[in-house]
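Colleague: I have a structure I would like to understand better, so I am pasting it below and will then ask my questions one at a time.
Number of protein chains: 2
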Amino acid sequence: MSDPSPAVARAGFPVSRQVLADHVYEALLEWLMDGRLEPGAAVSIDGMARELDVSPTPVREALARLEHTGMVRRVALKGYRVAPVFTREDFAELMEARLSIEPVNARLACSRMTPEGLDALKQAVEDLKTAPRGGTFAEYRSYLEADERFHQLIAAQANNQFLLAAYNTLGGQIQRFRLFGGVGITDAEQAIAEHQAVLDAMTSGDPGKAAEMMVDHVEKVRGRAMADAPEE
Amino acid sequence: MSDPSPAVARAGFPVSRQVLADHVYEALLEWLMDGRLEPGAAVSIDGMARELDVSPTPVREALARLEHTGMVRRVALKGYRVAPVFTREDFAELMEARLSIEPVNARLACSRMTPEGLDALKQAVEDLKTAPRGGTFAEYRSYLEADERFHQLIAAQANNQFLLAAYNTLGGQIQRFRLFGGVGITDAEQAIAEHQAVLDAMTSGDPGKAAEMMVDHVEKVRGRAMADAPEE
DNA sequence: GAGCGCGGATTCCTATAGGATTTGTGCATG
DNA sequence: CATGCACAAATCCTATAGGAATCCGCGCTC
């Protein structure tokens with residue numbers, strides 16, 4: 002225990018209501034999303050416990066939750082591993098799933114959009130445009146974050162807990178692919194334009210158009226990624 | 002430890018490769034699906050450990066996995082509870098999500114169907130027709146099981162790991178609703194006919210028709226449930 | 001009678017210990 | 001050289017202990 006204030010924020014305000022397992026979960030998730038843990042790497046329970054200076058118990062609990070997201074995989078008595086790199090087929094399946102869910106989200110989000118939601122979407126697209134796109138991860142990290150946020154916001158605005166949960170499961174995988182898909186950010190201009198097209202449809206309140214633009218976007222993402230990384 | 006052979010099947014064959022947490026997970030899932038744990042009921046970690054005669058550690062791990070399925074909910078420092086009863090709005094959202102995902106699954110499953118898969122589907126519909134539909138849960142349990150199996154098989158035949166995962170998350174909720182939706186099995190004849198229609202489209206190899214019939218089925222399920230339980 | 005404070009019991013949470021299993025290494029053998 | 005085996009280290013898995021938080025019933029006060 003190095004942290005002297007486990008659950009108490011300033012002035013005795015227990016606003017946190019978080020236990021160690023929650024912190025471990027978030028730390029691991031961040032490491033996975035950041036690429037600090039590479040695909041296929043072993044995630045030792047005891048090792049992580051030492052690393053984070055906690056006991057193995059909360060680490061075990063956090064990993065059990067993570068397993069269900071597909072970010073890590075478990076083999077009984079052998080431990081956890083970061084999910085392996087996407088194959089070409091995995092990627093195709095992921096895009097197929099996105100094409101099934103995201104246009105529906107876009108359609109619903111458009112018809113149920115709140116002014117605050119629309120503002121947040123505009124902000125996300127704005128962040129995409131202004132984000133640095135350098136070669137190192139630290140540079141284009143904010144770009145990836147804004148990309149993910151755009152799609153996440155649409156899923157949230159669809160106002161359906163089950164569709165949101167379904168998207169979130171995909172979202173983690175999408176983010177993972179963005180990191181380890183091999184290519185950096187080579188299609189920013191086109192991707193931004195496609196995001197803008199979705200946003201425009203949302204702004205004009207045309208659900209059908211929003212769905213159509215989302216289909217267009219995902220299909221083009223698929224096309225570009227398939228062209229960029231043709232090797233198996 | 003009452004079980005003398007934890008992971009060793011006959012003749013020293015460790016085929017099981019299951020640890021205690023896996024068994025606890027399955028036991029809890031079965032209890033949830035069976036309705037033995039009612040919505041809103043507290044699921045005490047220590048209590049479950051006593052009940053199953055294991056230590057709290059594997060129970061904690063199993064519950065952490067279950068939380069992500071939406072079957073139980075956790076509040077830090079307060080414990081787990083079975084997810085509350087579906088409200089009318091929850092149900093509407095669930096059906097909206099099904100309408101987004103299941104027709105896609107049906108379409109893909111139809112175009113990728115294997116002979117074995119088709120046989121399994123036929124068996125499921127056959128089981129639906131012959132299952133007893135008495136008033137007690139023990140009686141119509143096999144009916145619910147066959148219903149769930151039919152949809153699950155289609156999701157599996159769609160041959161897309163992400164869509165399957167998305168459906169499985171829904172599937173648990175659907176099953177939970179079937180149990181606690183208030184009404185018993187009052188629509189068996191119509192539901193069976195709708196399932197048969199989907200199966201027929203699959204057999205004839207018409208993906209568009211399969212998707213259409215699935216839309217029809219889910220919409221009618223929604224209609225009947227909304228009519229049966231109009232009270233909020 | 002209603003509201004409030006205060007133990008006691010219950011439960012959650014984390015750490016630790018030790019048994020069981022897997023993994024890696026070195027050495028002997030064919 | 002390849003193969004198999006023994007042994008050691010690392011890791012997973014489960015049980016247990018004890019601190020911390022929550023819940024519950026009781027008595028007190030207003």
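Chains as they are written, first to last, in the working numbering: chain A, 2 to 233; chain B, 2 to 233. All C-beta atoms in this analysis are idealised placements derived from N, C-alpha and C, irrespective of residue type, glycine included. This structure is a prediction, so every number in the text was calculated from the model and none was measured.
Skipping 5 residues on each side, what residues in its chain have a beta carbon closer than 6 Å to that of A:V222?
Modeller: Once the five neighbours on either side are set aside, A:V222 has no close Cβ partner at all.
Colleague: Listed in chain order, which residues of the segment 151-171 of chain A have Cβ atoms closer than 7 Å to some Cβ of chain B?
Modeller: Correct list: N161, Q162, F163, L164, A166, A167, T170, L171.
Colleague: Using 8 Å as the threshold, is the segment 186-206 of chain B in touch with the segment 103-120 of chain A, meaning 3 or more CB pairs across them?
Modeller: These segments do not touch.
Colleague: Of all the CB atoms in chain B, is at least one closer than 8 Å to the CB of A:R223?
Modeller: No, because no Cβ of chain B sits closer than 8 Å to the Cβ of A:R223.
Colleague: Under 7 Å, CB to CB, which of the residues in the segment 84-107 of chain B have a partner in chain A?
Modeller: Listed by position along the chain: E94, L95, E97, A98, S101, I102, V105.
Colleague: Counting Cβ pairs, one atom from each stretch, are 3 or more of them under 8 Å apart for the segment 105-116 of chain A and the segment 146-158 of chain A?
Modeller: At 8 Å Cβ cutoff, the stretches touch.
Colleague: Taking 8 Å as the CB-CB cut-off, is A:M215 touching chain B?
Modeller: A:M215 does not count as touching chain B.
Colleague: Between A:A139, A:P57, A:F151, A:T137, which lies nearest to A:Q124 when the distance is taken from Cα to Cα?
Modeller: Comparing Cα positions, the closest option is A:F151.
Colleague: Could you tell me the distance, in whole angstroms, from the CA atom of B:E39 to the CA atom of A:V126?
Modeller: One C-alpha to the other measures close to 45 Å.
Colleague: Taking DSSP's pairing of strands, which residues face B:Y81 in a bridge?
Modeller: B:Y81 pairs with B:V44, B:R75.
Colleague: Would you list, in chain order, the members of the segment 186-219 of chain B that have their beta-carbon closer than 9 Å to a beta-carbon of chain A?
Modeller: From the segment 186-219 of chain B, no residue has a Cβ closer than 9 Å to chain A.
Colleague: Give me the chain B residues within the contact set of A:E62, using Cβ-Cβ distance strictly less than 8 Å, ordered along the chain.
Modeller: Per Cβ cutoff of 8 Å: R61, E62, A65.
Colleague: Between the segment 165-177 of chain A and the segment 162-173 of chain B, do at least 3 Cβ pairs fall closer than 8 Å?
Modeller: Output reads yes: the segment 162-173 of chain B touches the segment 165-177 of chain A.
Colleague: Strictly under 8 Å for the Cβ-Cβ distance: is A:E27 near chain B by that measure?
Modeller: No, A:E27 does not count as interfacial toward chain B.
Colleague: Starting from B:E68, find everything on chain A with Cβ-Cβ shorter than 8 Å and list it in chain order.
Modeller: Under the 8 Å cutoff, chain A gives R66.
Colleague: Classify B:A166 as helix, strand or coil using the three-state DSSP reduction.
Modeller: B:A166: helix per DSSP, three-state reduction.
Colleague: Using a beta-carbon distance below 8 Å, is A:G71 in contact with chain B?
Modeller: Closer than 8 Å: yes.
Colleague: Report yes if the CB atom of B:V219 is closer than 8 Å to the CB atom of B:M114, and no otherwise.
Modeller: Going by C-beta atoms, B:V219 is not nearer than 8 Å to B:M114.
Colleague: Can you give me the start and stop residues for the alpha helix (DSSP H) that A:S101 sits inside?
Modeller: First-last of the alpha helix (DSSP H) with A:S101: 89-113.
Colleague: Going by CA-CA distance only, name the one from A:L33, A:D54, A:M227, A:Y141 that's closest to A:A84.
Modeller: If we check each option's Cα against that of A:A84, A:L33 comes out closest.
Colleague: B:R99: buried (16+ other C-beta within 10 angstroms of its C-beta) or exposed?
Modeller: Buried, because 16 or more other Cβ atoms sit within 10 Å of the Cβ of B:R99.
Colleague: Using the Cα positions of B:A132 and A:N160, report the straight-line distance between them to the nearest angstrom.
Modeller: Using only the alpha carbons, I get a separation of about 37 Å.
Colleague: First and last residue of the alpha helix (DSSP H) that includes A:I155?
Modeller: Start and end: 138-158.
Colleague: Could you tell me how far apart the beta carbons of B:E68 and A:R66 are, in whole angstroms, since I believe they sit closer than 8 Å?
Modeller: Indeed, because the Cβ distance is near 7 Å, the residues count as touching under 8 Å.
Colleague: For B:F181, which of B:D229, B:G224, B:I193 has the nearest alpha-carbon?
Modeller: Among B:D229, B:G224, B:I193, the Cα nearest to that of B:F181 is on B:D229.
Colleague: Any beta carbon of chain A sitting closer than 8 Å to that of B:Q176?
Modeller: So, not an interface residue.
Colleague: Are A:V20 and B:L78 close, meaning C-beta to C-beta below 8 Å?
Modeller: Yes, these two residues count as a Cβ contact at 8 Å.
Colleague: If you draw a straight line from the alpha carbon of B:E195 to that of B:D217, how long is it in whole angstroms?
Modeller: Taking the straight line from one Cα to the other gives about 8 Å.
Colleague: Chain B partners of A:V20, CB-CB under 8 Å?
Modeller: Per Cβ cutoff of 8 Å: A77, L78.
Colleague: Inspect the beta-carbon positions of B:A226 and B:M214 and report whether they are closer than 8 Å.
Modeller: Cβ distance not < 8 Å, so B:A226 and B:M214 don't count as in contact.
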